[in-house]
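Engineer: Each residue of the sequence shown is one higher than the one before, counting from 1 in the UniProt record's numbering.
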Amino acid sequence: MEDETEEKEKEEVTSAEVCECKKFESIPHQMLSRRKERMNEYVGFYDSMFENPDWWRCDDPVEFTEASGLSKYVYGILQRFTQRDLVWFHLMVKHDAFETFCKEMGKIRDQFALLPFWCLCDGMVSGTGRTQHRHMIVACELESSFKDIWQYKIRYEFPNSGRAKKCVKIQDAFHLARAIVYVSQRKAGCDGRIPNDLTEAGQLSHFLMNRPLHEHSIAFLCTLFPGGIQKLLLEQNGSKNDVHWESESVHKRDQWYNKQWSVPIRVTGWKFINCVIPLDRRYQLTEEHTAQYLTLHGDKKLYLKRGNTEQDVNWSFQRIRDELFVLSRKQQNIMNQIKETKTAQEAVWKCKVAEGRAERDVLKMERDVLKMEKDMLKTKETELKMERNAIKTERDVIKTERDVIKTERNGLLTENARLRRALRNLAQMISDVITRFLT
Numbered sequence: 001m002e003d004e005t006e007e008k009e010k011e012e013v014t015s016a017e018v019c020e021c022k023k024f025e026s027i028p029h030q031m032l033s034r035r036k037e038r039m040n041e042y043v044g045f046y047d048s049m050f051e052n053p054d055w056w057r058c059d060d061p062v063e064f065t066e067a068s069g070l071s072k073y074v075y076g077i078l079q080r081f082t083q084r085d086l087v088w089f090h091l092m093v094k095h096d097a098f099e100t101f102c103k104e105m106g107k108i109r110d111q112f113a114l115l116p117f118w119c120l121c122d123g124m125v126s127g128t129g130r131t132q133h134r135h136m137i138v139a140c141e142l143e144s145s146f147k148d149i150w151q152y153k154i155r156y157e158f159p160n161s162g163r164a165k166k167c168v169k170i171q172d173a174f175h176l177a178r179a180i181v182y183v184s185q186r187k188a189g190c191d192g193r194i195p196n197d198l199t200e201a202g203q204l205s206h207f208l209m210n211r212p213l214h215e216h217s218i219a220f221l222c223t224l225f226p227g228g229i230q231k232l233l234l235e236q237n238g239s240k241n242d243v244h245w246e247s248e249s250v251h252k253r254d255q256w257y258n259k260q261w262s263v264p265i266r267v268t269g270w271k272f273i274n275c276v277i278p279l280d281r282r283y284q285l286t287e288e289h290t291a292q293y294l295t296l297h298g299d300k301k302l303y304l305k306r307g308n309t310e311q312d313v314n315w316s317f318q319r320i321r322d323e324l325f326v327l328s329r330k331q332q333n334i335m336n337q338i339k340e341t342k343t344a345q346e347a348v349w350k351c352k353v354a355e356g357r358a359e360r361d362v363l364k365m366e367r368d369v370l371k372m373e374k375d376m377l378k379t380k381e382t383e384l385k386m387e388r389n390a391i392k393t394e395r396d397v398i399k400t401e402r403d404v405i406k407t408e409r410n411g412l413l414t415e416n417a418r419l420r421r422a423l424r425n426l427a428q429m430i431s432d433v434i435t436r437f438l439t
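1) Name the residue from R186, W118 and K252 whose alpha carbon lies nearest to the alpha carbon of F50.
2) Can you tell me which of K147, D368, K339 and Q171 puts its alpha carbon nearest to the alpha carbon of T82?
3) Which of helix, strand or coil does DSSP assign to K187?
4) According to DSSP, is Q292 helix, strand or coil?
5) Since S71 and R211 are thought to touch, with beta carbons under 8 Å apart, how far apart are those beta carbons, to the nearest angstrom?
6) CB-CB under 8 Å to C190, same chain, minus the five flanking residues each way: which ones, in chain order?
7) Just to check my reading of the structure: V276 and S316 have Cβ atoms closer than 8 Å, yes? What is that Cβ distance to the nearest angstrom?
8) Where do the N-terminal and C-terminal ends of the beta strand (DSSP E) with residue 461 fall, by residue?
9) Are at least three pairs of beta-carbons, each pair with one atom in the region 256-276 and one in the region 331-339, less than 8 Å apart?
10) Report the option in R155, E141, L142 and Q79 whose CA atom is closest to the CA atom of F98.
11) Taking N52 as the reference, which of M39, R34, T131 and R109 has the closest Cα?
12) Return helix, strand or coil for W261, following the three-state DSSP convention.
13) Would K385 count as contacting chain B if we go by Cβ distances under 8 Å?
14) Roughly how many angstroms lie between the CA atoms of M429 and R418, to the nearest whole one?
15) Fully enclosed by the region 297-355, which beta strand (DSSP E) runs are 3 residues long or longer?
16) Jot down the residue ranges of each uninterrupted beta strand (DSSP E) in the region 84-136, minimum 3 residues, whole runs only, in chain order.
17) In terms of alpha-carbon separation, which member of E248, E143, C102 and V183 lies closest to P116?
18) Does the structure place the region 227-247 close enough to the region 276-288 that three or more beta carbon pairs sit under 8 Å?
19) Starting from Q284, follow its DSSP beta bridges and name the residues at the other end.
20) Residues bridged to K252 by DSSP?
21) By the 10 Å Cβ neighbour count, where 16 or more other Cβ atoms means buried, how is N40 classified, buried or exposed?
22) Using alpha carbons as the reference points, say which of S145, M372 and L114 lies closest to A139.
23) Drop a sphere of 10 angstroms on the beta-carbon of M209, count the other beta-carbons inside from all chains shown, and report buried for 16 or more, exposed for fewer.
24) How is F146 classed by DSSP in three states: helix, strand or coil?
25) For S431 and T414, what's the separation of their Cα atoms in angstroms?
26) Return the CA-CA distance between D85 and P28, expressed in angstroms with no decimal places.
27) What is the rounded straight-line gap between the Cα of K153 and the Cα of V181?
28) Look at the alpha carbon of R266 and the alpha carbon of A173, and state the distance between them as a whole number of angstroms.
29) Output yes or no for whether 8 Å exceeds the beta carbon distance between L302 and L285.
30) Roughly how many whole angstroms lie between the Cα atoms of H175 and W349?
31) Between the Cα of I320 and those of I229, R34, W55 and Y73, spot the shortest distance and give me the residue it belongs to.
32) Rounded to a whole number of angstroms, what is the C-alpha to C-alpha distance between S126 and S249?
33) Could you tell me if V74 is buried or exposed, where buried requires 16 or more neighbouring beta carbons within 10 angstroms of its beta carbon?
34) Using the C-alpha atoms, what's the distance from F437 back to A427?
35) Short check: CB of C58 to CB of H214, under 8 Å?
36) Let me know if H251 comes out buried or exposed under the rule of 16 or more other beta-carbons within 10 Å of its beta-carbon.
Here you go:
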């Protein structure tokens with residue numbers, strides 16, 4: 001039975017439409033019609049620096065294809081973030097402050113590392129060198145050292161002030177994944193500040209991405225830490241109208257045994273459902289609990305085993321199409337209203353059905369009474385018919401007796417006439433004899 005289920009799942013994954021992101025190829029360091037400024041080039045504004053790959057090395061990393069743009073260190077980066085031993089920031093440094101940034105940060109280069117995901121941005125003023133700035137992600141051992149350089153050397157506001165738009169502290173792994181994708185694609189909502197919503201899609205103001213990523217890479221990154229796919233699902237589907245999901249909704253208890261409405265992911269129209277995770281082709285699926293795995297949804301994991309030869313495995317998100325997505329708070333309220341309305345409608349219909357059934361029972365009783373009366377009339381009709389038949393029989397008997405009597409009477413009359421004739425003849429004979437005798 002399990003084999004049949006697995007075969008069916010494979011057929012569904014194979015037959016599903018594959019997302020176009022599978023064909024994406026990352027081409028780094030494209031200027032995209034911008035021009036390099038000589039002074040900016042002199043201070044290394046267009047080059048990678050302060051990257052410390054040793055910080056992201058780990059045992060048994062999960063590696064992606066080179067064409068996807070996801071570096072072989074991205075797994076280690078997200079795993080290091082979950083250790084909470086570093087402080088992470090999304091930075092935006094203008095070209096005229098970049099030399100100072102490099103000079104001052106070089107003094108503490110052993111205490112921080114820049115991620116290999118960065119880009120340049122022209123603030124939506126294409127081709128104007130003086131507006132160019134650089135988006136970077138930094139991980140620091142000591143927040144205080146970085147804060148001093150940022151505030152007093154580079155003279156930018158620190159995020160604690162509430163007004164900072166050139167430095168945003170990264171709060172969680174999902175925020176980090178969003179920041180990585182934001183600085184690695186052309187679409188951006190940057191207008192000289194880091195936007196609050198990293199999903200904003202504006203003009204194509206990013207260029208010279210160090211490791212360009214497809215916008216769907218956020219889904220791949222979310223498989224590298226627990227709860228990532230749930231957050232992405234909530235971000236993508238949390239504000240959708242869930243009215244049409246009511247027929248598929250089910251009650252699911254959370255870890256505190258509170259009931260929550262959930263629906264299968266397949267009905268939500270999740271835009272990553274047909275994406276194929278661009279894992280290195282040497283990975284193969286295994287049932288053993290290995291150190292290498294992807295967290296798809298909840299407790300559903302894909303355990304990986306690396307072989308020596310390339311494998312043809314379809315790592316599609318179709319595998320979680322039947323997993324349950326927990327609705328957002330707003331959607332929970334809407335679903336509760338839908339269910340309450342439906343319950344009220346069902347109650348009204350039940351009352352109407354009960355009334356209809358009561359009327360039907362009354363009509364049925366009346367029909368039964370009429371049927372009884374009909375049966376009684378039919379019985380009386382039968383009795384009358386029997387009486388009529390009896391009378392008819394008696395009449396026939398009387399008629400027969402009458403016919404017999406009539407026949408007997410006719411016979412007597414005939415006999416009487418014969419006797420009369422005989423008597424007349426006898427009298428005539430006597431008369432004739434007497435006459436002859438007298439003469």
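Note that CB positions come from ideal geometry on N, CA and C, so glycine has one too.
Just so it is clear, the structure is predicted and the values come from calculations on it, not from any experiment.
Structural biologist: With the structure as the only source:
1) As a first step, residue 50 is located in the sequence shown; it is residue number 50 there, counting from the start. Here the closest residue by C-alpha is W118.
2) Residue numbering aside, residue 82 sits at position 82 when the sequence shown is read from its first letter. The shortest C-alpha separation from T82 is found at Q171.
3) Looking up residue 187 in the sequence shown gives position 187. DSSP, read as helix, strand or coil, puts K187 in coil.
4) Here residue 292 refers to the residue found at position 292 of the sequence shown. Coil, per DSSP.
5) Taking the sequence shown and counting its residues from 1, one reaches residue 71 at position 71. Taking the sequence shown and counting its residues from 1, one reaches residue 211 at position 211. The pair is a contact, with the Cβ atoms about 6 Å apart (cut-off 8 Å).
6) On the sequence shown, residue 190 is found 190 positions in, with the first residue counted as 1. Correct list, in chain order: M92, C121, G123, M124, H135, G202, S205 and H206.
7) In the sequence shown, the residue the question calls residue 276 occupies position 276. In the sequence shown, the residue the question calls residue 316 occupies position 316. Sure, about 5 Å apart at Cβ, within 8 Å.
8) Given that the chain is displayed from residue 1 to residue 439, the structure contains no residue 461 and the question cannot be resolved.
9) yes
10) Within the sequence shown, residue 98 is the residue found at index 98, counting from 1. The shortest C-alpha separation from F98 is found at R155.
11) Working through the sequence shown from its first residue, we reach residue 52 at position 52. Between N52 and the set M39, R34, T131 and R109, the nearest pair of CA atoms involves R109.
12) Here residue 261 refers to the residue found at position 261 when the sequence shown is read from its first residue. Reduced to three states, the DSSP call for W261 is strand.
13) Protein chains in the displayed structure number just one, and chain B is not present.
14) What you label residue 429 is simply residue 429 of the sequence shown in a count that begins at 1. What you label residue 418 is simply residue 418 of the sequence shown in a count that begins at 1. Approximately 16 Å between the Cα atoms of the pair.
15) 300-306 and 324-326
16) 87-94, 112-114 and 119-121
17) As a first step, residue 116 must be located in the sequence shown, where it is residue number 116. Answer by Cα proximity: V183.
18) Taking one beta carbon from each stretch, the region 276-288 and the region 227-247 have fewer than 3 pairs nearer than 8 Å; the two do not touch.
19) Start at 1 with the first residue of the sequence shown, and residue 284 comes out as number 284. According to DSSP, Q284 bridges with K305.
20) As a working mapping, residue 252 is identified with position 252 in the sequence shown. Paired residue(s): Q260.
21) Within the sequence shown, numbered from 1, the residue matching residue 40 stands at position 40. That one is buried.
22) By 1-based counting over the sequence shown, the position of residue 139 is 139. When only C-alpha atoms are compared, the closest one is L114.
23) Along the sequence shown, read from residue 1 onward, the residue named residue 209 stands at position 209. Counting Cβ neighbours within 10 Å, M209 comes out buried, since at least 16 surround it.
24) Along the sequence shown, one-based indexing puts residue 146 at 146. Helix.
25) For this step, residue 431 is matched to residue 431 along the sequence shown. For this step, residue 414 is matched to residue 414 along the sequence shown. Near 25 Å, if we compare the C-alpha coordinates of T414 and S431.
26) Counted from its first residue, the sequence shown places residue 85 at position 85. Counted from its first residue, the sequence shown places residue 28 at position 28. Rounded to whole angstroms, D85 to P28 spans 30 Å at the Cα level.
27) On the sequence shown, residue 153 is found 153 positions in, with the first residue counted as 1. On the sequence shown, residue 181 is found 181 positions in, with the first residue counted as 1. The alpha-carbon atoms of K153 and V181 are separated by roughly 29 Å.
28) Looking up residue 266 in the sequence shown gives position 266. Looking up residue 173 in the sequence shown gives position 173. Their backbone Cα atoms lie some 25 Å apart in a straight line.
29) For the purposes of this step, residue 302 is taken as residue 302 along the sequence shown, with counting starting at 1. For the purposes of this step, residue 285 is taken as residue 285 along the sequence shown, with counting starting at 1. Result yes, Cβ atoms of L302 and L285 sit closer than 8 Å.
30) As a working note, residue 175 is residue 175 in the sequence shown. As a working note, residue 349 is residue 349 in the sequence shown. Pairing H175 with W349, the inter-Cα distance amounts to about 49 Å.
31) Start at 1 with the first residue of the sequence shown, and residue 320 comes out as number 320. Considering only alpha carbons, the answer is I229.
32) Taking the sequence shown and counting its residues from 1, the one referred to as residue 126 is at position 126. Taking the sequence shown and counting its residues from 1, the one referred to as residue 249 is at position 249. With a pLDDT of only 47 at S126, under 50, the local geometry of the prediction cannot be trusted, and the value read off the model is given with reservation. About 48 Å.
33) Within the sequence shown, residue 74 is the residue found at index 74, counting from 1. Burial call: buried.
34) Translated into positions along the sequence shown, residue 427 becomes position 427. Translated into positions along the sequence shown, residue 437 becomes position 437. Distance between the alpha carbons of A427 and F437 is about 15 Å.
35) Residue 58 sits at position 58 when you count from the first residue of the sequence shown. Residue 214 sits at position 214 when you count from the first residue of the sequence shown. In this structure, H214 does not lie closer than 8 Å to C58 by Cβ.
36) In the sequence shown, residue 251 corresponds to position 251, counting from 1. Answer is exposed; the Cβ neighbour count stays below 16.
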